[in-house]
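Chemist:
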Amino acid sequence: MSAARRIGAVMLRHLYVMRGSWPRVLEMAYWPAINMTLWGFTSQFFSTHSSWVAQTGGILIGAVILWDVMFRGNLGVALSFMEEMWSRNLGHLSVSPLRPHELMAGMLGMSLVRTTIGVLPAGLLAIPLYHYSIFDMGLPLLVFWLNLMVSGWAIGLGVSALVLRFGLGAESMAWVMIFALAPLSGIYYPISTLPAWLQPLAWALPPAHVFEGMRQVMQGNGLDWGLLGGAVGLNVFYVGAAGSVFLYVHHVARRRGLLLNVGE
Amino acid sequence: MTQPAIVVDNLRKSFSGQVAVDDISFTIAAGSTTALLGGNGAGKTTTISMLLGLLLPDSGTIRVLGEDMVRHRYRVLPRLNFSSPYVELPHRLTVAENLTVYGHLYGIPRLKQRIAELACELELTDILKRPAGKLSAGQKTRVALAKAMLNRPDILLLDEPTASLDPDTADWVRGFFQDYQRKSGATILLASHNMAEVERLCDQVLMMKQGKLVDRGSPQDLLGRYGRDDLEQVFLDIARDRRQPLVES
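Chains as they are written, first to last, in our numbering: chain U, 1266 to 1529; chain X, 11 to 259.
1. Judging by CA-CA distance, which residue of U/Met1283, U/Ser1267 and U/Phe1336 is the nearest neighbour of U/Ser1361?
2. What residues from chain B crowd round X/Glu107, counting only those whose CB sits closer than 7 Å?
3. Within this structure, are the beta carbons of U/Gly1421 and U/Arg1379 separated by less than 7 Å?
4. How is the beta strand (DSSP E) around X/Asp32 delimited, first residue to last?
5. Check each residue of the region 1341-1370 of chain U: if its Cβ is closer than 7 Å to any Cβ of chain X, include it; give the result in chain order.
6. Compare the C-beta of X/Val111 with all C-beta atoms of chain U and state if any pair is closer than 7 Å.
7. Quick check on U/Gly1485: does DSSP put it in helix, strand or coil?
8. For U/His1515 and U/Pro1365, which I take to be in contact (beta-carbon distance under 8 Å), what is that distance rounded to the nearest angstrom?
9. Just the Cα atoms here: how many angstroms apart are X/Leu167 and U/Pro1465?
10. Grab me the residues of X/Leu145's own chain with a C-beta within less than 7 Å of its C-beta, minus the 5 sequence neighbours each way, in chain order.
11. Within the continuous alpha helix (DSSP H) that includes U/Phe1306, where are the two ends?
12. Taking Cβ to Cβ, would you say U/Ser1450 is nearer than 7 Å to U/Pro1472?
13. By alpha-carbon positions, which one of U/Val1517, U/Tyr1397 and U/Thr1381 ends up nearest to U/Ala1294?
14. What is the rounded straight-line gap between the Cα of X/Asn194 and the Cα of U/Ala1370?
15. Taking only three categories from DSSP, how would you classify X/Asp78?
16. Answer yes or no: does any C-beta atom of chain X fall closer than 7 Å to that of U/Arg1520?
17. Whole angstroms is fine: what's the gap from U/Met1574's alpha carbon to U/Val1428's?
18. What number of angstroms, rounded off, separates the C-alpha of U/Val1497 from the C-alpha of U/Glu1477?
19. Helix, strand or coil, according to DSSP, for U/Arg1270 in the structure here?
20. Could you work out which residues of chain X lie near U/Ala1274, taking near to mean beta carbons separated by less than 7 Å?
21. Under 8 Å by Cβ, that's how I've got U/Leu1358 and U/Leu1368 pegged, so tell me the actual separation to the nearest angstrom.
22. State the Cα-Cα distance for the pair X/Lys139 and X/Ala106, rounded to the nearest angstrom.
23. Using CA atoms only, rank isn't needed, just tell me which of U/Leu1525, U/Gly1383, U/Leu1389 and U/Ile1399 is closest to U/Val1290.
24. What residue range does the beta strand (DSSP E) around X/Ile165 cover?
25. Does the CB of U/Leu1234 have a neighbour CB from chain X at under 7 Å?
26. Please confirm whether any heavy atom of the ligand SAM lies closer than 6 Å to the CB of U/Leu1488.
27. To which residues of the same chain is X/Glu133 closer than 8 Å at the C-beta, ignoring the five residues directly before and after it?
28. Closer than 8 Å, Cβ to any Cβ of chain U: which residues of the region 57-70 of chain X, in chain order?
29. Measuring only the C-alpha atoms, how far is U/Met1438 from U/Ser1345?
30. Once DSSP output is grouped into helix, strand and coil, what is the label at X/Asn108?
31. Does any C-beta atom of chain U lie closer than 7 Å to the C-beta of X/Leu241?
32. Is there a C-beta anywhere in chain U that falls below 7 Å from the one on X/Pro177?
33. Using the DSSP secondary-structure output, state which residues sit across from X/Phe92 in a beta bridge.
34. Grouping DSSP H, G and I as helix and E and B as strand, with all else coil, what is U/Leu1355?
35. Does chain U have any CB closer than 7 Å to the CB of X/Val215?
36. Residues of chain U with a CB under 9 Å from the CB of X/Pro171: which are they?
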């Protein structure tokens, strides 16, 4: 109960920041909406020039919305952590009864909130703009959403660990690192498009399984349980590893005195 | 016999080969106010950070309220708090929001009532809805104190609590500590460069230099042993190796 209260306090701190600044909230929804609009028109153009896109209405829009889930999932974690560093609040938090794993849980909770605020409006906007509803996917959408968010969490925790260890000079990693995975994730094209030597690397990443699974569903083939199992298994591994790295770096920070001397 | 609030044994910490705290040992009695004195880089902040569990020692032990701070800090942290002008509260949150968040972190029952009490005690009522980043230095100090008092700590660690405050506000803050200590019987450990503050507040002084604990005693005891009229002179004697104590402790 007290752990839940402390995790809630971490989230409350960030919700207060959001409540106090509507431009921040607007910005969360702004980029996913712009992205979706851009890809929506691209998709409309391709649908008249590409039989593959034409056969599967909304495949690019669905992909861009789900990619944003992963991107926002990552940013939601990393920004929550960096906010503590920017405001030099880590020292106070670290001498409160808040445990590092509770701080981590609070950051993940905030990622869920930020991702929902960011991506949901884009999904809704696609309905009147392009007559495409990602929600028509039904239950698989929830499964894909959760898997991609957890993938984002793994990257966000890794970035937070880097920032804690190397300082705010590493903050650009929050935006940069995830894009290194984009070409291998098969967001807009099947993994078979990649050169043969890159494909095993792609299959080692959860989003490759998710986006492949999404295309299966949108092509009317139903949910591929093999792909889903692969995504879940890999996500458990990566998020577990990233969480462990974060906790280890937190311990290193206590040894090196990094928890007090942080900030802009 | 009452258990000491803090027991430090052979504590040592170095950073990249540079020794910051060099094999220090001391005991702080429950209900006392102790000053940790020393020049810049003497090892005061490093020592306080280790007492708080923010920093792990290379060797030695720290027992706070009977608990090993390296292994069981979470048993003690709910009974501890600290305030430092160098560690800030989130600027974008209002004073009330900051206190609410920390109140939840410390599991304070009847939190709204507790915040109202502290706001009244620390004269924060008018600024509760103001963002913490838009406060004056004096107001920030009072807010930091409110945060430090939320859980009615048994041990209060203060790092230069009156730094950058005008004499009037600084005097008010010292009065607040004295009052809290008298009412609650809490143990206070403060690092300070203000010798008048130390003479007024403290029962015991620990003098640090280059990571070592070089002298200790009550302010009166140190004044007598160094043959000085005020602690500032004693501080300078130690810092500049000007004079050895007339009488060994």
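For glycine and all other residues, C-beta sits at the position ideal for the given N, C-alpha and C. Please read all numbers here as calculations on a predicted model, not as lab measurements.
Modeler: In short, the structure shows the following:
1. Measuring C-alpha to C-alpha distances from U/Ser1361 to each of U/Met1283, U/Ser1267 and U/Phe1336 identifies U/Ser1267 as the nearest.
2. Here chain B cannot be found, since the structure's protein chains are U and X.
3. Cβ distance not < 7 Å, so U/Gly1421 and U/Arg1379 don't count as in contact.
4. Segment Gln28 to Ile38, the beta strand (DSSP E) holding X/Asp32.
5. Residues are counted here when their Cβ sits less than 7 Å from a Cβ of chain X; for the region 1341-1370 of chain U these are Ser1352, Arg1353, Asn1354, Gly1356, His1357, Ser1359, Val1360, Ser1361, Pro1362, Leu1363 and Arg1364, given in chain order.
6. True, the Cβ-Cβ gap to chain U drops below 7 Å.
7. U/Gly1485 falls in the coil class under three-state DSSP.
8. Contact between U/His1515 and U/Pro1365 holds, since their C-beta atoms are separated by about 5 Å, short of 8 Å.
9. In this model, X/Leu167 and U/Pro1465 are separated by some 55 Å (Cα to Cα).
10. Scanning its chain for C-beta atoms nearer than 7 Å, with the 5 sequence neighbours on each side dropped, one finds around X/Leu145 the residues Ile137 and Val153, in chain order.
11. DSSP places U/Phe1306 in the uninterrupted alpha helix (DSSP H) bounded by Trp1287 to Ser1312.
12. U/Pro1472 sits close to U/Ser1450, with the two beta carbons spaced by under 7 Å.
13. Minimum Cα-Cα distance from U/Ala1294 among the listed residues U/Val1517, U/Tyr1397 and U/Thr1381 corresponds to U/Thr1381.
14. Reading the sequence as shown, one finds Ser at residue 194 of chain X and not Asn. In a straight line, the C-alpha of X/Ser194 is about 35 Å away from that of U/Ala1370.
15. For X/Asp78, the secondary structure class from DSSP, reduced to helix, strand or coil, is strand.
16. For U/Arg1520, the answer is yes, since a Cβ of chain X falls inside 7 Å of its Cβ.
17. This structure cannot speak to residue 1574 of chain U, because chain U is shown only from 1266 to 1529.
18. Their backbone Cα atoms lie some 14 Å apart in a straight line.
19. Judged by DSSP in its simplified three-state form, U/Arg1270 adopts helix.
20. Proximity of chain X to U/Ala1274 at the Cβ level (cut-off 7 Å) is accounted for by Val111, His114 and Leu115, in chain order.
21. Contact holds; Cβ gap of about 7 Å.
22. C-alpha separation (whole angstroms): 6 Å.
23. Between U/Val1290 and the set U/Leu1525, U/Gly1383, U/Leu1389 and U/Ile1399, the nearest pair of CA atoms involves U/Gly1383.
24. Per DSSP, X/Ile165 belongs to the beta strand (DSSP E) from Ile165 to Asp169.
25. The requested residue 1234 of chain U is not part of the displayed model; chain U covers only 1266 to 1529.
26. Within the structure as shown, the ligand SAM is missing, as the structure has no ligands at all.
27. Arg152.
28. For the region 57-70 of chain X, residues whose beta-carbon sits nearer than 8 Å to a beta-carbon of chain U comprise Ser59, Leu62, Gly63, Leu64, Leu65 and Leu66.
29. Inter-residue distance for U/Met1438 and U/Ser1345 is about 14 Å (C-alpha atoms, whole angstroms).
30. X/Asn108: helix per DSSP, three-state reduction.
31. Chain U contact via Cβ: absent.
32. Judged by the 7 Å Cβ criterion, X/Pro177 is not in contact with chain U.
33. Note: X/Phe92 sits in a beta bridge opposite X/Leu167.
34. Helix, per DSSP.
35. No, X/Val215 does not count as interfacial toward chain U.
36. Simply none; closest approach about 15 Å.
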